[in-house]
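Engineer: Below: one structure in C-alpha cells.
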Amino acid sequence: MINIIGLGPGQFDYITKLGEKLIYTSDVLIGGKRNLESIENFHGEKIVLSTNLEEIVNYLKENMRKNISVIASGDPSIYGIGKYLSNNIDHEHLNIVSGISSLQYIFSKIYVDMNDVYLTSSHGKIPDFDYILSHKKVCMVTDNKIGPHEICKEIQGRNLDKVIVVGENLSYANERITIGKAEEILSVEKFDMSVVVILDEK
6 MINIIGLGPG QFDYITKLGE KLIYTSDVLI GGKRNLESIE NFHGEKIVLS
56 TNLEEIVNYL KENMRKNISV IASGDPSIYG IGKYLSNNID HEHLNIVSGI
106 SSLQYIFSKI YVDMNDVYLT SSHGKIPDFD YILSHKKVCM VTDNKIGPHE
156 ICKEIQGRNL DKVIVVGENL SYANERITIG KAEEILSVEK FDMSVVVILD
206 EK
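The opening position of the sequence shown corresponds to residue 6 in the working numbering, with each subsequent residue numbered one higher.
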C-alpha cells in the first residue's frame with residue numbers, strides 16, 4: 006500500500022495520530038529533505054523526493070509490495086502531491102491521509118472562519134487577479150515569483166480596500182504573521198515563502 010500523508014503545516018506535533026502510526030509502520034518514507042528530517046527514530050529507508058515526479062511514480066509502481074509512505078507538507082490534496090499521484094497510480098493502491106494545511110492553520114491564528122473562502126495558488130501559473138480579488142475571502146499559497154508584494158500591487162492597481170495577512174514559516178519557532186493594508190505590506194522589505202489571506206475590509 007502507498008500512503009500519502011499530510012504532515013501538517015510544519016511542526017511534527019500537528020500530524021494526525023493515524024498519519025504518525027502509518028509513518029512508523031512503513032518500510033520506506035519518501036518526502037522532501039526538511040520533512041524527512043522532522044521524522045526521528047524511523048528505522049526504514051528514507052528517499053528524498055525528486056523534482057522529477059515521474060521518477061517517483063515509476064519507483065512506486067515497481068515497489069508495490071512494500072509499505073511506502075509519501076509525506077507532504079500540509080494536506081497533500083491542497084496544492085500538494087496528492088493530485089499528481091492520484092492521477093498516475095491506481096486508487097486501489099493508494100491511501101490518502103489528510104493533514105492540517107497551512108491554509109487552515111493561518112485562519113485559526115487570525116480567528117477568522119473559513120466559510121466560503123476561495124482557495125488558490127500562484128505556483129507555476131499566472132493568477133487571474135480580477136477573478137481572485139472579486140471574492141470577499143481568499144487564501145493563496147504563494148511562490149518566489151508571485152508573493153505578497155505582487156499581490157498587493159494588484160490590489161492597489163484596482164483601488165480595492167483589502168486587509169492582507171501574510172503567514173511565514175507557519176508553526177515553526179520563527180513563524181511570522183503580518184497583517185495590514187496593501188501599502189503596509191509593501192513597506193516590508195522581504196517575505197519568506199508564504200501563505201497570503203486577502204479579506205474585504207469590514
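Ideal Cβ positions, reconstructed from N, Cα and C, are used throughout, including at glycine.
Just how far apart, CA to CA, sit T147 and V171?
Structural biologist: Roughly 10 Å between the two C-alpha positions.
Engineer: Starting from G24 and walking both ways along the alpha helix (DSSP H), at which residues does that stretch end?
Structural biologist: Looking at the DSSP string, the run of the alpha helix (DSSP H) that includes G24 is 22 to 29.
Engineer: Taking the runs of the beta strand (DSSP E) that are 3 residues or longer, which of them lie wholly in the region 38 to 67?
Structural biologist: 50 to 53, all fully within the region 38 to 67.
Engineer: Select from Y116, N8, D32 the residue whose C-alpha is nearest the C-alpha of G49.
Structural biologist: The shortest C-alpha separation from G49 is found at D32.
Engineer: Closer than 6 Å by C-beta to K119: which residues in its own chain qualify, once you throw out the five before and the five after it? Chain order, please.
Structural biologist: According to the sequence as given, residue 119 is Met; it is not Lys. Cβ within range, chain order: F112.
Engineer: Going by CA-CA distance only, name the one from E173, M6, L27, N92 that's closest to M145.
Structural biologist: Comparing Cα positions, the closest option is E173.
Engineer: Quick check: the Cα distance between S107 and R70, rounded to an integer number of angstroms?
Structural biologist: Near 32 Å, if we compare the C-alpha coordinates of R70 and S107.
Engineer: For G36 and A77, which I take to be in contact (beta-carbon distance under 8 Å), what is that distance rounded to the nearest angstrom?
Structural biologist: About 7 Å separates the two Cβ atoms, so the contact holds.
Engineer: Can you pull the DSSP bridge partners for T2?
Structural biologist: Shown here, the chain extends from 6 to 207; a query on residue 2 therefore has no answer.
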